[in-house]
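These protein sequence lines map, in sequence, to chains A, B, C and D. Each residue of the first sequence is one higher than the one before, starting from 4 at the first, in this note's numbering. Each residue of the second sequence is one higher than the one before, starting from 4 at the first, in this note's numbering. Each residue of the third sequence is one higher than the one before, starting from 4 at the first, in this note's numbering. Each residue of the fourth sequence is one higher than the one before, starting from 4 at the first, in this note's numbering. To start, the structure under review is shown below, and the notes come after it.
Protein chains: 4
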Amino acid sequence: MKATILVHCPDQAGIISTVTGFIHSNKGNIVYLDQHVDKPANVFFMRTVVEFQNDFSDLEHFKTLFQNELAISYNMEWSLHTDDKLPRMAIFVSKYNHCLYDLLSRYQSGELAVEIPFILSNHNDLRYIAEQFSIPFYHVHFTKANRVTAEQEQIAILEKHDVDFIVLARYMQIVSGNLIDKYPNKIINIHHSFLPAFAGAKPYHAAFKRGVKIIGATSHYVTEELDAGPIIEQDVTTVTHSHTIEDFITKGRDLEKIVLSRGVKLHIARKTMVYNNKTVIFS
Amino acid sequence: MKATILVHCPDQAGIISTVTGFIHSNKGNIVYLDQHVDKPANVFFMRTVVEFQNDFSDLEHFKTLFQNELAISYNMEWSLHTDDKLPRMAIFVSKYNHCLYDLLSRYQSGELAVEIPFILSNHNDLRYIAEQFSIPFYHVHFTKANRVTAEQEQIAILEKHDVDFIVLARYMQIVSGNLIDKYPNKIINIHHSFLPAFAGAKPYHAAFKRGVKIIGATSHYVTEELDAGPIIEQDVTTVTHSHTIEDFITKGRDLEKIVLSRGVKLHIARKTMVYNNKTVIFS
Amino acid sequence: MKATILVHCPDQAGIISTVTGFIHSNKGNIVYLDQHVDKPANVFFMRTVVEFQNDFSDLEHFKTLFQNELAISYNMEWSLHTDDKLPRMAIFVSKYNHCLYDLLSRYQSGELAVEIPFILSNHNDLRYIAEQFSIPFYHVHFTKANRVTAEQEQIAILEKHDVDFIVLARYMQIVSGNLIDKYPNKIINIHHSFLPAFAGAKPYHAAFKRGVKIIGATSHYVTEELDAGPIIEQDVTTVTHSHTIEDFITKGRDLEKIVLSRGVKLHIARKTMVYNNKTVIFS
Amino acid sequence: MKATILVHCPDQAGIISTVTGFIHSNKGNIVYLDQHVDKPANVFFMRTVVEFQNDFSDLEHFKTLFQNELAISYNMEWSLHTDDKLPRMAIFVSKYNHCLYDLLSRYQSGELAVEIPFILSNHNDLRYIAEQFSIPFYHVHFTKANRVTAEQEQIAILEKHDVDFIVLARYMQIVSGNLIDKYPNKIINIHHSFLPAFAGAKPYHAAFKRGVKIIGATSHYVTEELDAGPIIEQDVTTVTHSHTIEDFITKGRDLEKIVLSRGVKLHIARKTMVYNNKTVIFS
C-alpha cells in the first residue's frame, strides 16, 4: 500500500531525520522525498511517498501515532493520502469548449485519475459535450436577482455528489466567498494571461493594446480577490504585430488548456501546497 | 548599393504595386519586402530592401522623386537608410555590469554594426570595463540638486559625439522628457520583468512575492511614462518555489542581456517601426 | 472575393513589381504580401492575398492571363486558392486518441476550416470517438499478406470522398510510395521527437536512454524516406532525470497534439510551400 | 560550517532514514535534501546539504564514520564538499570568443565561485581577451605530428595549476582519451546542436540543410565517443525558412553561452551526478 504524506510546519533542525526515522520504524519505506524551506517565512514543507507493508486498517494506527508523536510537538499541519479512492472533480463551464474538451479527452484516455460526477454551467451551450461523453450536466442559471439562491443550488449539487475539488474551465461567472470558503485551495481556475499582467476581464484585448510580444495563461487556486490566488502553473507563447486579437485568442486557447490540465494534474497528484498565497509545487 | 526603405501611411488600395513599380522604374531591384496593415488603425507599414545600380549621387535624386511622386500623395512618413555610415550608439550604465559586458563582447566580435563613441554612467563603478575595451567613459554625477545641469551635461556629450541612439544597459536613473524629446524612439531600455507586469522598481522582489512561475525581461523604447513605452522584445524563463530572490536576479540577468541585445540589433537593422505606442517588428 | 496566390520560380530582378503591377492592373487589391528568396538555390517564393472586385467568372479569365502573361515567362509554378470551397481532410489513426480528440474538438469549435469526410483506421479502437462526433469511420485492416489490397481499399475510400489532404494523427502504419505519389506534400504526419533526432520507432524510449533534457515533436509532410520529409512545425518541452519513459510519453502527448494542429492549420491556410525537401512557412 | 554530500548506491529500503539519522546523530542539520531512484537500474542518488556545528577538524572524523558505518554496508560511492576552497577551472578555447567573454564576465561579476588559473588555446587569436581580464594564457599548438607531445604539454600545465575541472568553450580540437581519463566527468563541452541531432562537425550547416524549425545547444561531460557524453543542459530557439546559416550561427551563439554557463554553474554547485552515461541534475 502506498501513501503520500504532506507536511508543513515551522522550520527547525532535525525534522527530516525525525520524520524519516519515524516512518522507517513504523515499517514504511520512503520511495520519494522532497522538501523545501521558505527561509524568509521560516516554514518547512515536505512531501514524501511511502510504501507500507501494512494494510489499511493499520494505516489508521499510523496516522494516530504520526499525530501524537510528531505533529503536535512540531506544530505540523499534515495530511496523508492513499490511492484507493479517486478524487471527485466537478467541472464548471460557460460557453468556451476548448478546456472542457481537453479535460474530458484526457479523462477518457485515463490520463486524469479522477471521477467526474458532473459538469455544471450557467449556460446550456455546452450541454452537447456532456452528452457526447455521457456525463451528467447541470444548468444553474444566474441573474443579478437570483445570485444567492443559484449559488445555494450549486452548493447543494456539489454536496450531493460529494465533490473533492472544482475546476473552472473558462467559467465566466464570479465565484462567491461563500463557495470559496467551502472549498479552500480546492477551486482551480484558468486565467487567460500571465498574471499578474492583465488580471480581470478581456486580457487578450488588453495585451493587444499594450503591444506585448508574449501572451500567457495562468492556473491558480481561487481566492476572494479576483485573479490573485496562489499560482499553480504558467506558460506563455510569442506573438507579433501581425497577430490580431482573434489570433491572440486562438493561440491563447492552446495555452489555456495545457496550463489548466497541468494545474489539475499537479493537484490530483498531491504535488501542490499553499502558503502565504503562494504554492510549493513538488517535482 | 543597397538601401532600406521604411514607409508608413494611411492604408489604401494599390500602395504596394505603386511603390514597387516606382522602385523598379528607377532601376532598383527589390531583394526583400515585408508589409503590415494595422486594420483597426487603418495604417500601412512597409519595409523593403533595394539594390540600386546607381551610386550615391543618384540616391539623392531618387529620394527627391520618392518624396514628390509618392510620399506626398499617399501622405507617407518614410525614411531611407544606407550602410555606408555606421550608427553611433551611446551606452548608459550604472552599477550592473552584465548587459554592458554582453554588448561590448558582441561589439568586439563584430556582431553589432555600430560605433560606440562612449559609455556614460552616473557612477564610477564600471569605468574599469570601459578601460578593458578602450572606450571613452564619462561620469555624470546626479543629485537631486544638480539634475538639470547634469542632464545638460549629458546632452552636450551626446551632441558632441553625434550620437544616433542610446542604450540604457541597466541605467538606474530616470531619463527626463527633455532627453526623450531629443531622441524619440531612439532610447532603448531593458526592464527586468515581462511588462506590463511589475513595472517600476524591484520587479524581481515583486515577482517573488506574487509567487509567479515565470519571470521575464522586456526591451522597449523609452517614453515619458515609466516602463510604458513601445515593446521591442520580450522573453521569459521558468522559476519555482525553490528559487530565492537572489536566484531570480541571477536567472534574470541572462534574460536581460539577451533581450536587450536582440532589441538593439533589431533597431540597428532598421527592423522596428513605432506607431500608437506599439512596434512593428519586421522579420 | 478574396484569393490566395502562391508562386515560386527562379529568382530574378523585378518579379515583385511585375506581379504586383499585374494584379493591380487587373483590379486586384493586395491585402497581404510576403516573399522569400532562397539565395543558395536562387528560388523566389511569394504568397499574396488579393481582394478582387470581380466575381468568380472573371477569376478564370484572371488565371488565364496570369498563366500567359507572367507564369510562362518567369517559369513559375503557381496556384490560386479561394475560400468558397472548404478543403476535405481525411484523418488516419491507430490506437492513440489524443491527437484525434484534439483535431475533432478544434473542428467542432470552428477552428479548422475543413470538412472531415471520414476517419480511417487500421484498428477499431477509436471507432467510438468517430461516433461521439458523428463522423463516418472506416476500418481498413492491414496484414503482411493483404498490404496491397488494403491500400487499394484506402485509396478507393479517399477518392470516393474527394479528399484534398490526409492527416496521420498517430497512424502507426507505414504509408506506401503509391499513396504518397497520389498526395504529394498533402499527407501530414506527427512524429514524436524533434527530428532528425530519434527518427523511427520508439523515440521516447531512445530519448530516455540518451538522457536528453528536452523532448520534442515534429509535424512534417510525408515522403518515401521515413520521418525525413519537409518539416512544417516543431516544438519541445523540458524533461529531467526524474521523468520516466511514461512521463516522457505523457508530456509528449501535449506536444504532439499542439504541433500537429499547428501544422494542419498552416496547411489549410495555404501558408506552406515545399522546395528541396524543406518548407517555406509564411506568416 | 556547511557541507554538500553526494551519494549513490544500489537502492534498498531505509537508506534515507538511515543517512539522515546518521547525520542528525553526528550534530549535522540537514538544510536541503533531494533524492532520485533510477528504477530500471535500481540505483539510489542523494544530494544533501548539511550544517555542522563542528569545525573542520571534526569533519575528518565525520568522514571516517560515514565511510565505515554507512558507505561500506550500503556499497555507496559518495563525496563530501565544503566551500572553503574554490574549485580551479581551466578554460580551453580556439577562435570563437563569445563563450569565453561570457564566462569571464560572469567570473568578474562574482557569479562563478571558481578560480581561473589560466586560459589555454591551440591558437593565439583570443590572447587579447585573456589580457583584457588579466588571466594567464597558454598557447599549445597542435599539428598532426605533435599531437602526443602537445597533449603532454597540456597535461603538464593542468597539473602544475592543480586544476579541478576543464571547460571547453568552443575548443575546436578533439580531446584524447588520455586527458579524459585524467579528468573523468570533469571536462565540460558545449556542442552547438540539440544532441543527439547533428553530432559532429558543422551542426548549423546540417540543421539548415534539414530545414529544422528549432536549433539548440547542449552542454555535456566529455567522453571518448564524440558528442555522446552525459548531457548536463540543453536549450533551443526557433528558426524559420528566412534564416540563413549565418543567422543560425548568430542565434546559436546566444544559446551556446547560456547553456554552457548553466552547465558550468551546476557542476560548480555539485548538483550533477553521472551514471550510465546520463546525469542526475539536482534542483
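For glycine and all other residues, C-beta sits at the position ideal for the given N, C-alpha and C. No experiment lies behind these values; they were computed from the predicted model shown.
Item	Value
Any chain A beta carbon closer than 7 Å to asparagine 100 (chain C)	yes
Where proline 199 (chain D) meets chain C, residues with beta-carbon distance less than 8 Å	Ala200, Phe201, Arg213 and Val215
Buried versus exposed call for threonine 85 (chain A) [16 or more other C-beta atoms within 10 Å across all chains shown]	exposed
Contact set between glutamate 236 (chain B) and chain A, taken where Cβ atoms lie within less than 8 Å	Lys216
CB contact below 7 Å: aspartate 257 (chain C) versus chain A	yes
Three CB pairs or more closer than 8 Å across the stretch 60 to 80 of chain C and the stretch 88 to 98 of chain C	no
Among A:Lys5, A:Pro43 and A:Ile191, nearest to lysine 30 (chain A) - alpha-carbon criterion	A:Lys5
6 Å CB neighbourhood of proline 120 (chain A) in its chain, flanking five on each side removed	Arg91 and His164
Interface residues of the stretch 124 to 138 of chain C facing chain A [CB-CB below 8 Å]	Gln135 and Phe136
Contact check, phenylalanine 55 (chain C) vs cysteine 12 (chain C), beta carbons under 7 Å	no
Supposed contact pair isoleucine 271 (chain B) and alanine 133 (chain B) - C-beta distance, whole angstroms, cut 8 Å	Alanine 133 (chain B) to isoleucine 271 (chain B), Cβ: 21 Å. No contact.
Beta-bridge pairing of cysteine 12 (chain A) - partner residues as DSSP gives them	A:Phe47
Aspartate 61 (chain D) (DSSP reduced to helix, strand or coil)	helix
Closest Cα partner of threonine 253 (chain C) within the set A:Lys268, A:Tyr77 and A:Ala148	A:Lys268
One or two residues paired with histidine 288 (chain D) in a DSSP bridge	The question about residue 288 (chain D) has no answer, for chain D in this structure spans 4 to 286.
Aspartate 61 (chain D) beta carbon near the ligand ADP (any heavy atom closer than 6 Å)	As far as ligands go, the structure on display features none, and thus does not contain the ligand ADP.
Integer Cβ distance of phenylalanine 197 (chain D) from valine 239 (chain D), believed to fall under 8 Å	6 Å
Neighbour-count burial assignment, threonine 282 (chain A), 16 or more Cβ in a 10 Å radius	buried
Neighbour list for histidine 11 (chain B) in chain A, Cβ cutoff strictly below 7 Å	Ordered by position in chain A, no residue passes the 7 Å Cβ test against histidine 11 (chain B), which lies about 12 Å from the chain.
Cutoff 7 Å: serine 76 (chain B) Cβ touching any chain C Cβ	no
Backbone secondary structure at aspartate 41 (chain C) - three-state DSSP	strand
Exposed unless 16 or more other CB atoms sit within 10 angstroms - verdict on threonine 247 (chain B)	exposed
Cβ of tyrosine 104 (chain B) within 7 Å of any chain D Cβ	yes
Cβ-based burial, valine 151 (chain A) [other Cβ within 10 Å; buried from 16]	exposed
Where asparagine 100 (chain D) sits in the DSSP three-state scheme	coil
Entirely enclosed alpha helix (DSSP H) segments - the stretch 121 to 189 of chain C, minimum 4 residues	130 to 135, 150 to 163 and 180 to 185
Contacting residues, own chain, Cβ-Cβ under 7 Å from histidine 195 (chain B) (five flanking each side not counted)	Pro206, Tyr207, Ala220, Gly255 and Glu259
Alanine 153 (chain D) and valine 96 (chain D) closer than 7 Å at C-beta	no
Within-7 Å CB hit, isoleucine 26 (chain B) to chain D	no
Closer than 8 Å at the beta carbon, the chain D residues around serine 245 (chain B)	Ser286
Segment contact flag, the stretch 121 to 131 of chain B with the stretch 139 to 147 of chain B, C-beta cutoff 8 Å, min 3 pairs	yes
First through last residue of the beta strand (DSSP E) which encompasses glutamate 228 (chain D)	That residue, glutamate 228 (chain D), is in no beta strand (DSSP E); it is neither H nor E in DSSP.
Three-state class that DSSP yields for alanine 6 (chain A) in the structure shown	strand
Same chain only: Cβ atoms within 7 Å of phenylalanine 145 (chain B), ignoring 5 sequence neighbours per side	Asn125, Ala153 and Gln176
Rounded straight-line distance, which links the Cα of lysine 42 (chain B) to that of asparagine 78 (chain C)	35 Å
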